[in-house]
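Reading through the structure tokens given below for one structure.
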Amino acid sequence: MFSDFKEKISKRRFQREDFKEKISKRRFQREDFKEKISKRRFQREDFREKISKRRFQREDFREKISERRFQREDFREKISERRFQREDFKEL
Numbered sequence: 015m016f017s018d019f020k021e022k023i024s025k026r027r028f029q030r031e032d033f034k035e036k037i038s039k040r041r042f043q044r045e046d047f048k049e050k051i052s053k054r055r056f057q058r059e060d061f062r063e064k065i066s067k068r069r070f071q072r073e074d075f076r077e078k079i080s081e082r083r084f085q086r087e088d089f090r091e092k093i094s095e096r097r098f099q100r101e102d103f104k105e106l
């Protein structure tokens, strides 16, 4: 009877140790998971920064294109004025 009791106690101790190992593994997995999540958050932030930079570049590019269009229009007006002046000069 006493030996049965000792066996039960030893089994429970073994189960406790096994349980403690499982808990420590889960904690480790949890920590690993937390690290992965933090890395993903960092990657998201980095990605958002890249997107915002690209948007800014697009806006800058659009402004440059509009300036060039304006310059073209201005250039065309100057050319038309010169043509008009030539025609006036020819008439004289």
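Heads up, the sequence shown stops at 106 in our numbering, and the numbers go up one at a time, no gaps.
In this text, a Cβ means the ideal position worked out from N, Cα and C, and glycines have one as well.
The alpha-carbon of glutamine 43 is positioned some 16 Å away from that of arginine 54.
Isoleucine 51 and arginine 83 have their alpha carbons spaced roughly 47 Å apart. If you draw a straight line from the Cα of lysine 67 to the Cα of aspartate 74, it comes to about 10 Å.
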